[in-house]
Structures are given as C-alpha cells and as structure tokens.
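Heads up: take any position in the sequence shown, counting from 1, add 6, and you land on my numbering. Glycine residues also receive a C-beta, built at the ideal position from the N, C-alpha and C atoms. Predicted model only: the values in this text are computed from it and were never measured.
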Amino acid sequence: MEEHIFNIEGLTHQYADGTFAIKDLSILIQQGKKIALLGNNGAGKSTLFLHLNGLLQPTSGTIRFKGKKMKYDRKALLSLRKQVGIVFQDPDSQLFSANVQQDISFGPMNLGWDRNVVHEKVQWAMDQTEVTEMKDKPTHFLSLGQKKRVAIAGVLAMEPDVWLLDEPTAGLDPYFSRQIMALLDSIHHPDKTIILSTHDVNLAYQWADEVVVMNDGKVIYQGDPVSVFHDEDILMKAHLEKPWVFEMFQALLQSRIPGEKELVPRTKEELLQKIETEKIY
Ligand SMILES: Nc1ncnc2c1ncn2[C@@H]1O[C@H](COP(=O)(O)OP(=O)(O)OP(=O)(O)O)[C@@H](O)[C@H]1O
Ligand SMILES: [Mg+2]
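Okay, here's the thing in structure tokens:
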C-alpha cells in the first residue's frame with residue numbers, strides 16, 4: 007500500500023510575471039494525517055494547494071499522487087478532482103452557480119452519481135454546514151462567512167479522500183469556526199487526509215497531527231505541533247506567534263521543568279487539568 011498520498015520532489019513554480027512562489031520544494035505527505043500548513047503572507051501556501059489538485063502545473067519538479075506522477079489531461083484531472091477537494095482561500099473564486107443549493111450540487115453531479123444520491127449528499131452537506139436555510143439564496147448576496155460555509159459544503163458533498171482547505175476559518179465567527187473544525191474531526195478517518203492552511207496558531211496547535219511551515223517558497227519545518235513552537239528562528243521567519251496554551255504553560259513551568267516537551271498541554275482543558283493535578287501556580 008502507498009502510504010504517501012503526495013510525494014513532491016523539487017517543485018518550483020514561477021508565475022507569468024516572473025515571481026518564484028515555490029522554490030525547489032520537496033515534501034512527503036502521509037495518508038490519514040491532519041496537517042496544518044502555516045507560514046507568513048506570500049510564503050507560497052495557496053500556490054502549493056493549487057498544485058495539489060492540478061490547478062497549477064509545476065514549472066519544474068514532480069508531484070506524485072498515490073504513487074503516480076500527476077498528469078494534466080482532462081481524464082486525469084477529473085479523476086484527481088474526484089479524490090482531492092479544495093476549499094479556496096477566496097470563496098468568490100469557488101462559487102459561481104445561481105444559488106446555494108445549485109452550487110453545492112455542481113461537484114457531486116459531475117461525479118456521475120445518481121440524482122437521488124446527489125440530492126441526499128447535498129442535503130446532508132447543507133445540514134452539516136448549517137446553510138440549509140439559505141439554499142435558494144443567490145451566492146453573491148451571502149456574507150463572507152456564509153460563502154465559506156457553502157464552499158465547504160460543496161467539497162463535503164463530494165466526500166473526497168483528500169481535503170485541501172485554504173484558511174477555512176478566516177471570516178468565520180467563533181461559533182462557526184468551532185463547528186467547521188468539529189466537522190473536520192468528524193470526517194477524519196485513516197483513509198482521509200486533511201491539509202489546512204491557517205494563520206490561527208491556536209487552532210493549528212490544538213487540531214493538527216503534524217505541522218508544516220512554509221517561508222519564501224520552501225518548507226522550513228515538518229513535524230509535531232509542539233516542537234515548532236520552541237524554535238524561535240522558525241517562528242520569526244514565518245511570522246508565527248506561540249499558541250496561548252503553550253505560552254501560558256511555559257510561563258507556569260519556567261522555574262520547574264524547563265524543556266519537557268512531551269508534557270506540554272495542547273488544549274485549554276489539558277492546561278487546566280495540569281494546573282489542578284500538578285499544582286503549578
Ligand atoms: N497569479 C499570480 N501571479 C503572480 N504572482 C503571484 C500570483 N499568485 C501569487 N503570487 C505570488 O506568489 C507568492 C506566493 O503567494 P501565495 O498566495 O501562494 O502565498 P500564501 O502563503 O498563500 O499567502 P497568504 O498567507 O497571504 O494567503 C507571493 O509572492 C505572491 O505575490
Ligand atoms: Mg494564501
């Protein structure tokens with residue numbers, strides 16, 4: 007079995023205006039992981055996503071998906087997009103149908119599914135993202151957060167193996183951010199891989215199995231979600247702040263157990279439990 011869902015070697019991408027957005031980037035993405043992609047503005051995160059579902063082609067280098075080199079003919083792209091769903095950073099690039107329900111139905115209809123199955127999946131996806139009430143509304147009248155949820159519903163209805171989410175919670179209020187993250191947890195499964203880019207370090211720290219950090223078109227970190235926040239050089243380069251749970255714990259422990267990484271809590275609940283059981287205050 008191929009355990010690497012993506013194998014990227016020496017990927018470089020130069021845009022038409024001459025900008026090198028990705029520079030000789032190599033990375034292996036393991037199947038079944040929940041990966042947070044972090045990095046400063048302009049680091050190349052969105053450009054990388056667009057390569058992973060074949061919307062952009064490498065200037066040089068190769069991308070293998072499930073062990074096979076990506077191809078860009080119509081048939082290959084159709085098959086790729088059945089398996090790899092993308093939620094764009096800007097929902098206006100994603101939504102184009104007359105109303106919400108039609109937009110969410112577009113992807114599943116193109117998969118050649120039976121009409122009833124499409125209808126069922128679309129109802130379910132609208133329900134999960136709480137957009138059912140606005141199903142007849144023109145997409146261009148929606149608020150930013152509503153558009154984001156409709157875009158997420160469109161991918162959800164297709165049930166892809168790989169989810170690429172480019173800043174899915176940007177523009178969502180705290181309630182819907184939590185809902186979307188809970189939804190991602192509920193769809194997560196050893197066969198599903200989720201790669202999510204975000205500027206929200208608290209979200210990344212708490213949610214991810216693995217963190218990837220990009221800067222200047224390159225990957226400067228790939229590993230667990232705790233060690234990265236000990237590395238001041240990476241944090242500075244990628245404009246990252248420390249998650250508040252991490253920072254609070256470091257402050258509480260300063261005089262007690264410096265550097266015990268495995269003990270670091272990742273959620274508010276874990277932090278509170280540590281304070282209570284270990285009497286650190
Ligand atoms: N269509 C384009 N033409 C020319 N340059 C582009 C284009 N799209 C992106 N770029 C450039 O490529 C680089 C990487 O951009 P990209 O959007 O991938 O960054 P990002 O990490 O997603 O940033 P952000 O956090 O702001 O979303 C930037 O320097 C950007 O200006
Ligand atoms: Mg981006």
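For residue i: DSSP bridge partner residues
i: P271; result: The partner list for P271 (beta bridge, DSSP) is empty, contrary to what the question assumes.
i: S203; result: L43 and D172
i: T18; result: S66
i: L31; result: L17
i: Q36; result: H10
i: F26; result: Q20
Where residue i sits in the DSSP three-state scheme
i: L148; result: coil
i: D167; result: coil
i: L117; result: coil
i: E139; result: helix
i: D197; result: coil
i: L178; result: coil
i: Q256; result: helix
i: Q279; result: helix
Below-7 angstroms beta-carbon distance, residue i vs any chain B residue
i: F94; result: Protein chain content of the structure displayed is limited to a single chain, and chain B is not contained in it.
Whole alpha helix (DSSP H) elements within the stretch 48-107, 4-residue minimum | Whole alpha helix (DSSP H) segments, 4+ residues: 51-58 and 80-89.
Cβ pair count under 8 angstroms reaching 3, the stretch 215-234 against the stretch 64-79 | Between the stretch 215-234 and the stretch 64-79 there are fewer than three inter-stretch CB-CB distances shorter than 8 angstroms, so the stretches are not counted as touching.
Decide if the stretch 162-169 is in contact with the stretch 184-197; the criterion is three or more beta carbon pairs, one per stretch, under 8 angstroms apart.
-> These segments touch.
Which whole runs of the alpha helix (DSSP H) in the stretch 211-254 are 4 residues long or more, in chain order?
-> Taken in chain order, the unbroken stretches of alpha helix (DSSP H) that lie wholly in the stretch 211-254 and span 4 residues or more are 238-243.
Cβ contact (3+ pairs, closer than 8 angstroms) linking the stretch 202-210 and the stretch 239-254 | The stretch 202-210 makes contact with the stretch 239-254: 3 or more CB pairs, one atom from each, lie closer than 8 angstroms.
Among all residues, which have a Cβ less than 6 angstroms from at least one non-hydrogen atom of ligand 2, and in what chain order do they fall?
-> That gives K51, S52, Q95 and D172.
Counting Cβ pairs closer than 8 angstroms, one from the stretch 59-66 and one from the stretch 14-31, do we hit at least three?
-> Yes, the stretch 59-66 touches the stretch 14-31.
Report yes or no: do the stretch 127-141 and the stretch 105-112 share at least 3 C-beta pairs separated by less than 8 angstroms?
-> Yes, the stretch 127-141 is in contact with the stretch 105-112.
Contact the stretch 90-97 vs the stretch 130-139: 3+ CB pairs below 8 angstroms = By the Cβ test, the stretch 90-97 is not in contact with the stretch 130-139, since fewer than three Cβ pairs between them sit closer than 8 angstroms.
Three or more beta-carbon pairs under 8 angstroms between the stretch 174-181 and the stretch 150-162, yes or no?
-> Contact holds: three or more Cβ-Cβ distances are below 8 angstroms.
Is it a yes or a no for the stretch 24-40 touching the stretch 221-228, going by three-plus beta-carbon pairs under 8 angstroms?
-> Taking 8 angstroms as the limit for Cβ pairs, the verdict is that the stretch 221-228 does touch the stretch 24-40.
Assess, as a yes-or-no matter, whether the stretch 48-61 is touched by the stretch 213-220 under the definition of 3 or more beta carbon pairs within less than 8 angstroms.
-> Taking 8 angstroms as the limit for Cβ pairs, the verdict is that the stretch 48-61 does touch the stretch 213-220.
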